[in-house]
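What the first sequence shows, in the numbering used here, is residues 5 to 508, in sequence order.
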Amino acid sequence: MSVRVRFAPSPTGPLHIGGVRTALFNYLFAKKNNGKLILRIEDTDQTRYVEGAENYIVEALQWVGIEFDESVQKGGIYAPYRQSDRKNIYSEQINFLLKNKKAYYAFDTPEELEQMRIHLQESKTPVQHYNFITRDKMKNSFTLSDEDVKQKITSGEPYVVRFDMPANKEVIMNDLIRGEIKVNSSTLDDKILFKSDGLPTYHLANIVDDHLMEITHVIRGEEWLPSLPLHILLYDAFGWNPPEFAHLPLILKPNGKGKLSKRDGDQGGFPVFPIEWIDPSTNEKSTGYREYGYLPQAVVNMLALLGWNPGTEQEIFSISELSELFDILKVQKAGAKFDPKKTKWFNQQHLKKLDTNALAEIYNKDLKTKNIDAKFDFVAKVVDLVKDRAVFASDLWDLSNYFFIPPENYDEKAVKKFWKDDTLDIIRHLHSLFSGYNDFTSNTIENNVKVWIEQNQLSFGKVLNPLRILLVGNTIGPHLFDIIELLGKEETLKRISKGIKKFS
RNA sequence: GGCCCGGUCGUCUAACGGUUAGGACGUCAGAUUUUCAUUCUGGUAAUCGGGGUUCGAUUCCCCGUCGGGCUGCCA
């Protein structure tokens, strides 16, 4: 049987970076096993519907490079792929469970349920659930006569359908990552499978769809582990074979206390969403990895190694390398704390691997938004010179803006440190020296200047630092003579003259 | 409270039951450099605690402890 896995997000807001990792692991697993990856939208909670969330999910996943074989957009033979479009399927399936006494009707109001919970809490019962004990005191198929139930339903009274959770049954499960897990069903509850709004809950919908869509492996977050026994029992109730399960460890806050959340990103100054999200109700904007300047391949690399590794000492991978190497059995059991610093390092590494033209392409777009129209060749040369010191593509501007705009001011500290009484004379000499050069290439100028420095018994620092200040505005940047060559004779002399005027 | 899952440097992690417990990020120091950055070299630092099993436990078992998740007509 060929592998079929799914990523099943709920369109209740932007996709969290943890969700992206779950999608990634599904993708890698599918690729590794020559299987298919399905995107299924789980929108059975209409009260939590958020405008734009579904589009966001699709765009975000596309950005990181996760492609689906079947989805709402792409279609497929198991369509529809949006749960709100599959309502009739769930009603049919819930009737099957009802008919076979695996599920039952319940008419308790939210207030009555709340009462029950308070009661159980006060009585300090060890297991505080709507279950085989407490249901005898509630309004449901067990306590009401068949006629009453029928009457209530036909009269339009709201009802839910609950799972008839058996008592004292050892449920033995297997998880690809964690191994065997045992739970006694008496600690579980009669979960609602079908809501009074006519839609299924996640529990019902995901079992029905996974079965109908012939999903072979369910790879999802660890937060689903507690409902695994329910799911197994549901497959059993339907008489279906369950797929294999793998529950991924959670991504934790950098300090390790709890799941990573949006707040952590705001406080720690790092994104937790793949791409920018603007909350439609508050207009609040959250910057994404994309807007922050992260490369998608770096995000993928970082995410893949958060909770998994191939067992070698290699750290930098492309998504296709990961697809080759991925092994679900090697996924870590413990939650992994998110490390913003290492994430930056991953980006730096991938930025370095990027070829100059590709990076220049990105930078050129950036320049255009700043209304700077430079020749591509020139941009590429600039990029080549400064790319080693960039962590983000967005660093490029800070690193090289002086190539496009002459410095307006000179850094005060740098001036104070390097501009001495005799500096102006030296700079004047350099100006006339440069004016005489016809060959304005880095090496030639460097050799000439060095000879001149030695002849006049000056030091490099004394000459080159002030010169750098006039050309760059500060004592930073790549090899000075490379800068000079790129700037060209005319521009170099212009900047020196400007400096002479300023300091005269 | 109940149920479930976890615990190797600060962080991500490696280690057929036998290793001087390895690598990476970070950090610190040094080297290189006209500057900043890069780069290079080196240092730093860990098996949660207690019992077992074993000739020998990071590794297997039990207890404790700590951490996390779940406990909704949410997913």
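Glycine included, each C-beta is placed from N, C-alpha and C at the ideal position.
With a CB to CB cut of under 7 Å and the five nearest residues on each side skipped, what residues in its chain are close to residue i?
| i | result |
| --- | --- |
| Asn351 | Tyr298, Leu299, Ala302, Val395 and Phe396 |
| Trp401 | Asp370 |
| Gly56 | Pro284 |
| Phe380 | Ala364 and Asn368 |
With a cut-off of 8 Å on the beta carbons, I'd call residue i and residue j a contact; round off their distance for me.
| i | j | result |
| --- | --- | --- |
| Asp194 | Asp168 | 7 Å |
| Ala107 | Val165 | 5 Å |
| Leu32 | Ser322 | Contact doesn't hold; Cβ gap of about 12 Å is too wide. |
Pull the bridge partners of residue i from the DSSP assignment, please.
| i | result |
| --- | --- |
| His251 | Arg224 |
| Ile196 | Arg166 |
| Met177 | Ile185 |
| Val9 | Leu41 and His221 |
| Gly79 | Ser75 |
| Pro204 | Phe198 |
| Arg86 | Ile45 |
| Phe277 | Gly292 |
| Lys263 | Leu256 |
Output needed for residue i: all residues of its chain with C-beta closer than 6 Å, excluding positions within five of it in sequence on either side, in chain order.
| i | result |
| --- | --- |
| Tyr414 | Ile473 and Gly477 |
| Ile376 | Phe408 |
| Ala12 | Arg44 and Glu46 |
| Tyr82 | Met217 |
Taking only the alpha-carbon atoms, compute the straight-line gap between residue i and residue j and give it to the nearest angstrom.
| i | j | result |
| --- | --- | --- |
| Gly225 | Leu254 | 6 Å |
| Thr347 | Trp244 | 42 Å |
| Glu116 | Lys141 | 11 Å |
| Phe507 | Thr479 | 17 Å |
| Ser439 | Ser501 | 11 Å |
| Lys266 | Val276 | 6 Å |
| Ile61 | Ile122 | 38 Å |
| Leu19 | Ala364 | 30 Å |
| Lys78 | Asn313 | 32 Å |
| Ser231 | His133 | 14 Å |
| Glu96 | Ile211 | 14 Å |
| Val68 | Arg25 | 10 Å |
| Asn451 | Ile332 | 58 Å |
| Arg294 | Arg499 | 36 Å |
| Ala418 | Ile457 | 21 Å |
Candidates the options: which alpha carbon is nearest residue i's?
| i | options | result |
| --- | --- | --- |
| Ser145 | Phe111, Gly39, Lys391 and Ser501 | Phe111 |
| Val187 | Leu252, Leu208, Ser327 and Leu234 | Leu234 |
| Leu497 | Pro482, Phe444, Glu450 and Asn368 | Phe444 |
| Phe342 | Leu310, Gln318, Tyr367 and Pro314 | Leu310 |
| Asp49 | Gly17, Trp456 and Thr129 | Gly17 |
| Pro344 | Leu358, Asp359, Gln318 and Leu307 | Leu307 |
| Arg182 | Tyr206, Lys334, Gly315 and Gly160 | Lys334 |
| Thr427 | Val131, Ser6, Glu365 and Lys505 | Lys505 |
| Leu180 | Trp228, Val222, Lys78 and Asp359 | Val222 |
| Asp388 | Leu203, Tyr367 and Lys374 | Tyr367 |
| Leu102 | Leu197, Ala27 and Val453 | Leu197 |
| Gln353 | Ile93, Met177 and Arg393 | Arg393 |
| Ile54 | Lys421, Ile449, Leu475 and Ile282 | A small fix is needed here, since residue 54 is Val in this sequence, not Ile. Checked all of Lys421, Ile449, Leu475 and Ile282; the closest Cα to Val54 is Ile282. |
| Leu252 | Ser14, Leu28 and Ile488 | Leu28 |
| Asn178 | Leu148, Pro246, Lys154 and Ile157 | Pro246 |
| Lys493 | Leu437, Lys454 and Gly465 | Leu437 |
| Gly23 | Glu227, Ala338, Lys154 and Ser149 | Glu227 |
| Leu358 | Gly339, Lys385, Lys391 and Phe382 | Lys391 |
| Val386 | Glu317, Ile488 and Leu471 | Ile488 |
| Thr205 | Lys91, Asn104 and Glu280 | Lys91 |
Measuring from the CB of residue i, is there a heavy atom of the ligand MN at a distance below 7 Å?
| i | result |
| --- | --- |
| Leu363 | The ligand MN is not among the ligands present in this structure, which contains no ligands whatsoever. |
Please go through the same chain and pick out, in chain order, the residues whose beta-carbon is closer than 8 Å to the beta-carbon of residue i, but skip the five residues on each side of it.
| i | result |
| --- | --- |
| Ser189 | Met169, Pro170, Ala171, Asn172, Lys173, Glu174, Val175, Pro233 and Leu237 |
| Gly80 | Ile42, Asp73 and Glu74 |
| Val9 | Asn30, Phe33, Ala34, Gly39, Lys40, Leu41, Ile42, Ile219, Thr220, His221, Val222 and Ile223 |
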